[in-house]
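In our numbering, the protein residues as written are 4 to 751. Where is the CB? At the ideal position from N, CA and C, for every residue including glycine.
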Ligand code: PEP
Ligand code: MG
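Okay, here's the thing in C-alpha cells:
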C-alpha cells in the first residue's frame, strides 16, 4: 500500500514537473496543476487559494468548482474551512464538510454538492502562502498517506510560487517581492536613509523541489547528515564544557536532534514521495516552524529553534549556499536581519546606511553601535525578512520607525524631501559647533562624546565635543576572534589619544558579559546575564585580563594624562579593589622602566542604585563618577533594557527617577566629586535639558546628538526648566515630560 502511494505521489510530482516545464503563463500553469492533482488523486475538485494580502485568500485556480468563481471568491483568514487551514497552518480532513465547524457556504462556487474536504497549507519556511484543497462528492475521509502526499504537493507549489512560476501574462498572482510594502517597527536610532537591501543571512533558494531518482536523493541526504553530525560533534567537543549541567543538557539536546531517527525518517518519507533532499528538509522545517508558533512552553520552543537551526545547516550543506550570501554588497547598503550582535555589526563597519531588524531592542549594544555611528535603525519590523530581497530599494525612516520596501515614486519624493530637511538641520548644528553649550541663564554644560573604535575619533572634531566622556574599550575585544595582545592594545589606546589631540578621553575598562559576549569567551549560560557575571565582576575575578588592559592603557598614555573608569561598580569594595589594581600596575610599570602618565584620574560608573548609597568615602576616593543611565535605569525600574515589552513602560523623565538622579547630583556636589551622565538618554535633547536642570554639568553622548542637544540648551533657561519640573513633581505627575514639552512648545 505504502509503495503504491509512493509511486502514485512520484507520478503526480513527475506530471507536475513536466507541466511546469511547459511554456505558458502563470494562470495557465495553475489551471493545469489543479487538473493534474484532481486527476491523479481521483477527486472531483482541486482548488488553489492564495493570499491576496496578509488577511485575504483568493481562489486562484480550480478544477471542478465553477470557473467563474476564480479570482472572485475571497475569504478572510480564519473564515470557512479554507480560512481555518490558513490560520492554523494545519490540514483539515473531513468526510462531511457542510457539517464541519467553520464551514462557510459559497454558492458562487457550487461547493455544496461536495461532501468530503481535504485542505492543506501551502507554506514555505513557516510562512503560509495559501491553501490547496481537494474535494469529492463521495463522503470519504482521506487516508493519512493521501494527506501526506497532498502536503508534499503543496510544498512544491510553495517553492514554485516563490520562484515566480505562476507569474506572467494573465497571472493568477501579482508577482511576489515586487510590490511596495510598508513595515511599522520601533525607532532605535533616528535618521533617514535610502539604499538597497543587504540580507545579513542568506535566504536558501531551492530550485529543484522535485527529484528524478529517490535513491540519489536519499544518498545526498545521508551524506549531508553525516557532515552535519560531524560538525555538531566538533562543536560539542570544542565548546569547553564546564560543570554547568544546564548548558550540557542544551548541547546534548542539539546532538540528539542531529541524530534523531524520527526527523530523518520523515525526510526519507518525503523523498520517497518524490521530493528532492533539500525540499524534504525544507518541508520538515516548515512543519517545525508551524509547531514553534503553537508551542507555549518556552523550553520546548527553544528546542524547536535548535531543530530549525540544524535544518538551516543541512539546507546549506545540500544546496552549497553558505553563510555568506555571495551577494555583492550594493551601494548604500541597508542591512536587513532577524537580529544582530554588536560584534557582527562591527564587522560590517560604517559602510551600512541603515539597519532594519525583525527583532532587536533599543537597549542592546548593537543598537548602541548603530547609534554611535548615527546609522538609522528600525527594530521589530515584523515580516521584513520574508518580503525583502537582496538589492530591493528600501527607505528607512528611523524617526518614525517606518520602513518602505520597494516604494512608489511619490513616497521616494516625500522621503527625499525629509532627508533634505535633515541636511538643513545638520547645517544649523554645524554653525554652532564651535560655540559653547551656554544656556540662556548663563550656565555652560560640558558636552562630550561616547566612542569605542578608532573610526569614531574623527567625530571629535566634527561634532564639537569637548572630549570623549566614555570610551567603551570592549568594542576592540568584540571585533576580534581572540583576546588582543597588550602591545596591540597599547598601540590602539595611544592612537586614540593622538587622534584626540590632547582632549580628555575617559577609557572605561572592559565591560563584557550581559549581551556583550566575546566570541572566544566560554559562554556562561546564566539565567539572567544582565544581573550576572559581567563588567568589573569579571575583571576582579579574572585579574589577568584587567591587569593586561591597565598596563596597555599606561603604556598607551606614554607620559600623557590618563583617565580610567571602572564599569558596573555596585559596592565600594569593588572600586577599592579595582583602584588598588591600577595603583599596583602603575608601580609595576614604573619599576619596569615605562614612562608613567603625567596624571592619572580614576573614576567609577554609577550603574546600580546601590552605589548612590555607598559610604561617603567612596565619593571621596573617586576622582569622578559617571552615571551609566542605560544600566541604572533598568535596575531602578527592574525593567530589562533589552526587553521591548517592558522597556517603554518607564519614562526617563519619571519623577522617581529624576528625583533619584537629583540625590546623586547632591551627594557628589556635597563632597565635590565631579559627576557626568554617559547613558544614551544624555543624547536626547529633552532628557539632556532636564538632566542639566537637575544639576548635571557634564553629559556624554553619541556624536550625532551633540548638535541637537547643544541647540536646545542654548535656547533654554535652566532655572525656568527646573521650576517647570518642580511644579510637575509637586502636582503628583508620573512623568515631568508632558509639562516640559508644553513649556518648550510655548503651550504653558
Ligand atoms: C550605561 O549603562 O549607561 C553605559 C553607558 O554602559 P553600557 O551601555 O555600555 O552598558
Ligand atoms: Mg552599562
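heavy atom of the ligand PEP below 7 Å from residue i C-beta
i	result
residue 572	no
residue 643	no
residue 577	no
residue 475	yes
residue 728	no
residue 470	no
residue 482	no
residue 357	no
residue 371	yes
residue 682	yes
Between the CA atoms of residue j and residue i - distance to the nearest angstrom
i	j	result
residue 507	residue 472	8 Å
residue 15	residue 25	16 Å
residue 333	residue 391	14 Å
residue 718	residue 428	15 Å
residue 441	residue 726	19 Å
residue 112	residue 68	5 Å
residue 242	residue 64	Per-residue confidence for residue 242 stands at a pLDDT of 48, beneath the threshold of 50, marking its modelled position as unreliable; no derived number is given.
residue 36	residue 44	12 Å
residue 599	residue 558	8 Å
residue 57	residue 78	12 Å
residue 274	residue 520	40 Å
residue 409	residue 360	17 Å
residue 137	residue 737	59 Å
residue 467	residue 232	55 Å
residue 747	residue 741	10 Å
residue 722	residue 728	10 Å
residue 23	residue 209	15 Å
residue 644	residue 453	19 Å
residue 425	residue 41	59 Å
residue 510	residue 476	7 Å
residue 556	residue 265	56 Å
residue 627	residue 702	13 Å
residue 651	residue 637	11 Å
Residue i Cβ short of 7 Å to the ligand ZN heavy atom set
i	result
residue 632	With respect to small molecules bound, the structure shown includes the ligand PEP and the ligand MG and not the ligand ZN.
Closest residue to residue i among the options (Cα-Cα distance)
i	options	result
residue 267	233, 225, 197	225
residue 617	661, 666, 96	666
residue 464	495, 497, 481, 501	501
residue 165	218, 21, 53, 377	53
residue 215	277, 148, 51	277
residue 271	223, 168, 597	223
residue 50	673, 28, 74	74
residue 236	71, 258, 135	258
residue 131	586, 110, 60	60
residue 93	732, 126, 66, 104	126
residue 350	515, 653, 364, 479	479
residue 19	82, 87, 156	156
residue 124	378, 95, 587, 104	95
residue 489	515, 553, 450	553
residue 347	518, 335, 705	518
residue 200	611, 397, 516	397
residue 339	163, 352, 417, 382	382
Contact test: residue i Cβ vs the ligand MG heavy atom, cutoff 7 Å
i	result
residue 610	yes
residue 514	yes
Would you mind listing the beta strand (DSSP E) stretches within the stretch 561 to 638 that are 3+ residues and don't spill past its ends, in chain order? For the stretch 561 to 638, the continuous beta strand (DSSP E) assignments of 3+ residues that do not extend past its boundaries occur at 565 to 572, 603 to 609, 627 to 630, in sequence order.
Secondary structure, beta strand (DSSP E): runs of 3+ residues fully inside the stretch 468 to 549: You should have 471 to 475, 508 to 511.
Report yes or no: do the stretch 140 to 159 and the stretch 117 to 124 share at least 3 C-beta pairs separated by less than 8 Å? Touching, yes, given that three or more Cβ pairs across the two stretches are closer than 8 Å.
Check whether the stretch 385 to 403 and the stretch 413 to 425 are in contact - that is, three or more C-beta pairs closer than 8 Å. Segments in contact, yes.
Are there three or more Cβ pairs, one per stretch, closer than 8 Å when the stretch 523 to 531 is compared with the stretch 564 to 571? At 8 Å Cβ cutoff, the stretches do not touch.
Are at least three pairs of beta-carbons, each pair with one atom in the stretch 704 to 717 and one in the stretch 429 to 436, less than 8 Å apart? Enough Cβ pairs lie closer than 8 Å, so yes.
Which ranges would you report for the alpha helix (DSSP H) in the stretch 71 to 118 if only whole runs of at least 4 residues count? 83 to 91, all fully within the stretch 71 to 118.
Curious, which full-length alpha helix (DSSP H) runs of at least 4 residues does the stretch 257 to 290 contain? DSSP runs (the alpha helix (DSSP H)) wholly in the stretch 257 to 290: 264 to 275.
Does the stretch 449 to 459 come close enough to the stretch 354 to 364 to have 3 or more Cβ pairs within less than 8 Å? The way I'd put it, the stretch 449 to 459 doesn't touch the stretch 354 to 364; fewer than three beta-carbon pairs between them come closer than 8 Å.
Any contact between the stretch 310 to 325 and the stretch 340 to 348? By contact I mean 3 or more CB pairs, one from each, below 8 Å. As far as the Cβ criterion goes, the stretch 310 to 325 does not touch the stretch 340 to 348, which means the pair count is below three.
So, does the stretch 697 to 706 touch the stretch 657 to 675, judging by three or more C-beta pairs under 8 Å? These segments touch.
Do the stretch 375 to 389 and the stretch 188 to 205 make contact, defined as three or more Cβ pairs closer than 8 Å? Two segments are said to touch when three or more pairs of C-beta atoms, one from each, lie closer than 8 Å; by this definition the stretch 375 to 389 touches the stretch 188 to 205.
Should the stretch 630 to 650 be called in touch with the stretch 669 to 676, which here means at least 3 C-beta pairs below 8 Å? No contact exists between the stretch 630 to 650 and the stretch 669 to 676.
Unbroken beta strand (DSSP E) runs of length 3 or more, entirely within the stretch 657 to 721: which are they? Entirely contained in the stretch 657 to 721, the beta strand (DSSP E) runs reaching 3 residues are, in chain order, 678 to 680, 701 to 704.
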